[in-house]
Structure formats: C-alpha cells, structure tokens
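K.L.:
First to last, the sequence lines map onto chains A and B. Reading the first sequence from the start, the letters are residues 949 to 1394 in the numbering used here. Reading the second sequence from the start, the letters are residues 2 to 294 in the numbering used here. We treat Cβ as the ideally placed atom computed from N, Cα and C, and that holds for glycine. Predicted, not measured: the structure shown is a model, and the values here were computed from it.
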Amino acid sequence: MTILGNGLSGLAAAQHVLNTTSQNIANANTPGYSRQEAVLASRIDTSPNRLTPGAGVEVAELRRIADDFRIAALWRANNQAGFDNQMETLVAQAEDIIGGSELSVSGGIDSLFAAFNAAAEAPQSMATRQQILSSAASLASRFNQLAGNLDLQKRQIDEQATTLVSGINGQTASIARLNAQIADIQARGGNTSQLEDQRDLAVQKLAGNLALDVQKFPDGRMNVSLSGGQPLVLGSKPATMSLVNGELSLDLKGQVFPITSPGGQLGALQDYRNGTLNELRTSLNGQAERLAVDLNAQLVKGYDLNGDPGAELYESDANDPAASLRLAAGVEPERLGFIGDDGTGNPVGGSGDNTNLLEVITLKSGFYDAYTGLLGNLAIQSAQIQAEASASRGMLADAQSRRDSVSGVSQDEEAVRLMQFTQAYQANAKVVSTAGRVFDTLLGMF
Amino acid sequence: MRVSTGQLSQIILQGLQRQDRDFAKVMTQMSSGYRINRMSDDPLGSVSLLGIERDQSSFKQFRANASRVISRMEQSESYLNASFNTVLRVQDLSLAAINGSATADDRAAAAHELESLRETLVQFANAKDEDGSHLFSGSKLGTPPIAGGVYQGDDLRREVPVAQGVTLAANETIESVYFNGGNFFTDLDAFITDLKAGGPNVDTTGPAVIEAINRAINGIGEKLTQVGARISSARSLDAAQQDLALTNEKIRGKIQDLDYVDAVNRVNQIETSLNATQKTYSKLSQLSLFSYI
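#1: Within the 8 Å Cβ cut-off, does S1353 of chain A reach chain B?
#2: Three or more C-beta pairs closer than 8 Å, one from the region 1157–1164 of chain A and one from the region 1199–1212 of chain A: is that the case here?
#3: Which chain A residues sit within Cβ distance under 7 Å of M2 of chain B?
#4: Could you tell me the alpha carbon to alpha carbon distance between R1090 of chain A and Q243 of chain B, rounded to whole angstroms?
#5: For S1197 of chain A, does the three-state DSSP call read helix, strand or coil?
#6: Under 7 Å from any heavy atom of the ligand ADP, does the C-beta of E1036 of chain A make it?
#7: Looking at G1250 of chain A and F1286 of chain A, is the spacing between their C-beta atoms short of 8 Å?
#8: How do the region 209–222 of chain B and the region 76–96 of chain B stand: do at least 3 beta-carbon pairs fall below 8 Å, yes or no?
#9: So that I know if they touch, is there some Cβ in chain A lying closer than 8 Å to that of N66 of chain B?
#10: Indicate whether N1376 of chain A and L952 of chain A have their beta-carbon atoms separated by less than 8 Å.
#11: Are A241 of chain B and A164 of chain B touching if we call contact CB-CB under 8 Å?
#12: By Cβ distance, which residues of its chain are closer than 6 Å to Q1152 of chain A, with the 5 residues on each side in sequence left out?
#13: Among the candidates A:Y1319, A:Q1142, A:T1037 and A:A1014, whose CA atom is the shortest distance from the CA of T978 of chain A?
#14: Do L1051 of chain A and Q1093 of chain A come within 8 Å of each other at the CB atom, strictly closer than that value?
#15: Can you pull the chain B neighbours of E1069 of chain A, defined as C-beta to C-beta under 8 Å?
#16: So, under 8 Å CB-CB, G1300 of chain A and L142 of chain B are touching, yes? Tell me the CB distance rounded to an integer number of Å.
#17: My parser needs the beta strand (DSSP E) runs of 3 or more residues fully inside the region 1198–1241 of chain A; what are they?
#18: If the cut is a Cβ gap below 7 Å, which residues of chain B does T1224 of chain A touch?
#19: On the DSSP bridge list, what partners appear for I193 of chain B?
#20: State yes or no: is the beta carbon of V1192 of chain A nearer than 8 Å to at least one beta carbon in chain B?
#21: Does L1200 of chain A have its Cβ less than 8 Å from a Cβ in chain B?
#22: What are the boundary residues of the beta strand (DSSP E) that R1011 of chain A is part of?
#23: Under a Cβ-count criterion, where at least 16 other Cβ atoms within 10 Å of its own Cβ denotes burial, should K224 of chain B be classed as buried or exposed?
#24: Using DSSP with H/G/I as helix, E/B as strand and the rest coil, what is A1287 of chain A?
#25: Residues in the region 31–48 of chain B with C-beta within 7 Å of chain A's C-beta atoms, listed in sequence order?
#26: Compute the Euclidean distance between the alpha carbons of A1331 of chain A and G1047 of chain A, then round it to the nearest angstrom.
#27: List the residues of chain B that D1058 of chain A touches, going by C-beta distances under 7 Å, in chain order.
#28: Could you please tell me which residues of the region 1081–1107 of chain A, in chain order, have their CB closer than 7 Å to any CB of chain B?
#29: Does the region 180–196 of chain B come close enough to the region 108–120 of chain B that 3 or more CB-CB pairs lie under 8 Å?
#30: Compare the C-beta of G1424 of chain A with all C-beta atoms of chain B and state if any pair is closer than 8 Å.
#31: Counting only the same chain and skipping the five closest in sequence on each side, list residues whose C-beta sits under 7 Å from that of Q1129 of chain A.
#32: Taking the straight line between their C-alpha atoms, what separation do you get for Q1178 of chain A and F1205 of chain A?
#33: Less than 8 Å between CB atoms is the rule here; does G254 of chain B satisfy it with respect to chain A?
#34: Quick one: is M1035 of chain A near chain B, going by C-beta distance under 8 Å?
#35: Is there at least one Cβ from chain A nearer than 8 Å to L136 of chain B's Cβ?
#36: Between D1301 of chain A and chain B, is the shortest Cβ-Cβ distance under 8 Å, so that the two count as touching?
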C-alpha cells in the first residue's frame, strides 16, 4: 500500500508544482507580480515501525517570494524619483521663462540704454527721446510678461496639485480596501499573494506622490502614514487629503491634520511653488522696483526741454511692481530731464546739455548684475536638479532591479521546473503502474 | 545574483532610452551649432556669456557714439575750414585797403566785399545740423550763436561716452574764435564804416582789424587742431572697441560654439553602442530554454 500512496502523493505534488509554474509563466510580464514557489516536504509516517520509509510527499506551503526590505527600498527610490523628476520639470520651465531670449530683461536693458546712449549726442532730438520711451515701455512689458508667465506657472501647479490630491485619495482608498480583503482571506487561510502584490504596487505609486512610513501587522494589514506622522491609511480606514488655497490637510474620520512638506511629487509641487517660484517672483519685483526707483530718482534731478524739472519715467503698484511696471502717466518725450542742474536748482544749460543723461547712463551696470545673478542662480539650480533627477532615476532602476532579482519570474528557471516536474510526474505515474503490476503479480498467485 | 526575465528587458530598455537621450542632445547641439542650448547645460559658461553679451552691446554702443562724434566733428571741421579761408580773404582785403596806395574807390569796393564776407562768416558760425540745431552755440541749440555782433550761446560741451570711462565732446563753440580778447565783428564793422567814409581813420581801425583778424585766424586754427585731434581719438577708440569686440567674440565662440569634430565622434559612439545593445537584445531574446522543449 505504501508504494501506491507514495506514488499518488508524488503525482499530486508534481501537478501542484506544475500549476504554480504555469501561474508564474503566465505572469512573467505582470507589473508587481511576485513569483510563487511550492515548497515540498516529505510526509511522515507516524506508525510505530522503524522500517517504514515514509508516507510520500506533500506541498507544505505556497510561498510568495518577496523581500520586504527590497520592496521598501523600491518605495523610497520611487519617492525620491517622484520629487526629483517633478522638480526638474518645474525648474526647467522656469529656466525657459526667465532665460528665454524673447523676454530677456537683459536684452530689454540693452535696448533702453542703447536709446539713452543715442540721445547723448543729440539730447534735444524728439526722435531719440521718443525711442527712449518706446524702449522703456518694451522693457516694462518684458517685466509684465515674465511676471505673468510665472503667475501662470503657479496656477498650473495648483491645478496639477489638485489632480494629484484626488489621485492620492484614490490610492489610499484602494490600499484600505486591499487591507480589509487581505485580513479577511488570511483569516480564512486563503492565498493573499496577488492581493499583496496589488497593495505593494499601490503603495509604490503613493510613495511616488508622498514620502511614506509603512507598518505591517501579523494579520496582514498595513498602516501607511506620511513620514511626518500624519496617518494616510489606518487598517481599512483611508484618510482624505484636501488642498484649499494651497494648504494641504488630511482628514481621518473627522480628525484634521495639517501637512507642510509631503515629499514626493506633491512635495516638489509645494516646495517649488512656495520656495523657488516665490523667490523668483520676489526677485523680479525687486528688480522692477529698483529700475523704476533708480531711473526716476536720476531723471527728476535733471531738467526737461522746457527747463522744468524732469518727469518720472516709470510707475508701478507697490504690491506687485513687476506685473504693473509701466510708463508714468504724463511722461512725454520733451519731459525727460537730460539737462543737468547748475547747483542752484536751475538748468545748467540749454536743450543741448546732457549732463544728467550721462548720470542716467552710468546706472546701466547695476540693473544687469541683479538679473544676471538671478539667471545664474536659476541655471545652477536647474543643472543641479537635473543631475539629482538623473541619479534618482538610476537609483529607482537599480531598486526595481534588486526587487525583480528576488521576486521577478525567470523563464529559464520555470522551464527547468517544467521539465523537472514533468519528469517527476512521469516517474510517479511509473511508480503507480509498478504498484499495479506488483498487485497483479500478487493476485495472479491465486 | 539571480536575474529574472523582466530584468533583462528592463536593462536593455534603459540602455536604449539613455542612448536616445544622448542622441537627442547631440542632435540639438548640431542643429543649433551651440554647445550650450539651455543655461543649465553650463551655468558658469552661461553667466560668462551674459557678461560677454553685455560687453558686446556696450562696445556696439561706444562705436555708434564714436561714429556720431566723428560725423559731427567732420561737419564742424568743414565749416571751420570754410571760415578760415574766408577770414584769410578778409585779411587780404584789409591789408590792401590799409595800404597808402589804395584809392577811395578801392576802399569803397573793399568795404562792399568785406560786408558780404562778414555775412558769410556769421552764416558759417550760425551753421545748423540736419535737425536744425546750431553747431557752435554750446548747449543752446535753438539759439544762433552770433546775433547783433555778440555771442548768444554758452560754453557747454556735450560729452559722449566712447569707451569705458572715456567721453569725447561732440560739439565746439565759436565764442573763443571771434570774442577772445575783443570782438572781431565790432572791429570789422568799425573798419568797414571807416572805409566807406573814404578811410579817414584807417590808421586806428586798420591795425585794430588786422589784430582782430590775427586773433580769429589763431582761434580757428586752434579749433581745427582740437577738432582734428578729437576725430583721430574717436577713430582710434573706435578701432580699439572693434578689437575688443572681436576678442570677445572669439571668447564667446570658445564658450558657446559646438566642436563639430567632437560632436560627430559622439554620434559615432552612440551609434556603435546602440547597435551593440540592439544586437545583444535580439541574441538574448532567442536564448530561451523553451526553444528546446
């Protein structure tokens, strides 16, 4: 009887391994799939007989081959890549906006000061004075457009963040649902391998958007929180994230947690919006204001073609100088104060004097330095984040590879197993038929 | 290390993507001819380029200013030359009229021509440029420098920047020519009146006018020297700016321009490694145990 029982158990075990192999081969290209392995164990014969060889073989366990450490490393790498890729895109956009030659402030400063220089030789000429006003207006409009483009980027960031937040809410909800299913099936002794794969994949996506802390429990459930501690998923309960006026918060069953630095893609959007973009915009405002204040201050020291004190060139609204910079109301070509002061509050000469204009011309280099500094900083930042993003893409590929080297399906391995257990099946079938012949021989004696 | 089937494809795919990115970068550089196409391609180089661009625009500006100074000075020079020749004619006529051998008719004829030459000199002094501004009245461009035999302008000069920290005056005044240590026109007018009257006081007005003529000749000569010197300074400064601009352009080229030999080399390298990757993948994908089952 032992030979028949052992043969049958071998047939069943081989069948089971072949089934598992077929599942692995079928999912060789499924993202997030962890290969499974049927663990064989010899069955013990408990009868008190020391000559019993054993009671055959059995599939003791179906193992999901996964290394939590490698999976967590993959999540961290995806988090860094999510942040860096998003930041790289945003800074590159800013570089295009600020550094593009079309709207370059330094090109506008060149044109304005070329016009001032042309007036040095002919300060009385209405044509050169008109040219100064048009160049000044064009420089103001460059400031306006730059400010407008940066404001547009801010609005796009807010829209993108809103979309991302609703995606995040979908991901936390699906992790919570999977938690419930896994706990349920595990309690009933079922195979949770595929559900765990799906949950790991969902957490990986979520990690791309946010910096996470993950805690696993023996009942199969998983708690997910932000690295700042705010809960995203508690067992089967997901939190709801909301974005109102650029402020992020989490709501878990009526309890509200504010979020400042969420990390990942969402963190990049927030950090760039409240950091780099804000600084760029502030710096642009400072430059527009300084241009207006410095030029105005010098021009009003001089006298216009009628011998009256010179007019101001620019005006702007104090709360947003870059967006509102424009020619001052009432500035006309003849009102530009190029004639110098004789020290007693009177014009030093006639319409051909350019003493004050020469003072205006010396202001040029100061305006350049501020803008060049801004561009230089942005270029350095952009190059740096490009290098970081490239590195974190490499790290992500590496982490993915390390996870796949454990959990991924190798077709050659499966082919070997396929052949090995086909042979095992055939051998066990031979055992069964041999048992049959043994019985036949035995029965033939009668 | 265990290698899963998906890993192999991933590694190949990443290699192909990286080579595509490198290829796109070289192609962008080759189509623009620039090594730096975005500021972040080389932040320090880009900042240097901005500085060079700013300098180039200054050089261009200085050269335009120098050329304006030159053309204004040449215009002034031609009026001063014409004035010089006219004053010489005034000198000839005056010397002949003072001569004891001159008859009353000769003196009347000389007076007549001197009157017209006086008008010519005033016209030259009151010359205007193409915009209708007076050349020789200092900063009072709308005021004729000489009216009623007196100087109406001021002594201001319009300094124009022609190099870093260097300015040249773009105008000359006529005051020192005719009103330096006396009034040329008052002396000439007295002489003409005297000649018309038959020359009763030619012994006093004559030497006075010769004295005034000498002062004017010296004055114009001095002006012509100054103007000539300024034109030549403007020319040499202009040439210097041109040299600086050329040097700057060479530096710009070194920073910004693409080394095509290097670029073609990189294209070849990428092509070779792309080919190798593709061949490796097609070989690897055939290597499967399943072909033998």
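P.N.:
Taking the coordinates as given:
#1: yes
#2: yes
#3: S1353
#4: 30 Å
#5: strand
#6: Absence of the ligand ADP is noted for the structure shown, with no ligands found whatsoever.
#7: yes
#8: yes
#9: yes
#10: no
#11: yes
#12: W1023 and N1026
#13: A:Q1142
#14: yes
#15: N66, R69, V70, R73, R159, V161 and A171
#16: 4 Å
#17: 1203–1207
#18: Per Cβ cutoff of 7 Å: no residues; T1224 of chain A is ~13 Å from chain B at best.
#19: In the DSSP output, where bridge partners are listed per residue, I193 of chain B has none listed.
#20: no
#21: no
#22: V1005 to R1012
#23: buried
#24: The residue you asked about is not Ala; residue 1287 of chain A is Ile in the sequence shown. Strand at I1287 of chain A.
#25: R39, M40, S41, P44, S47 and V48
#26: 13 Å
#27: S58
#28: none
#29: yes
#30: Residue 1424 of chain A lies beyond the residue range present for chain A, which begins at 949 and ends at 1394; the question has no answer from this structure.
#31: L1143
#32: 7 Å
#33: no
#34: no
#35: no
#36: yes
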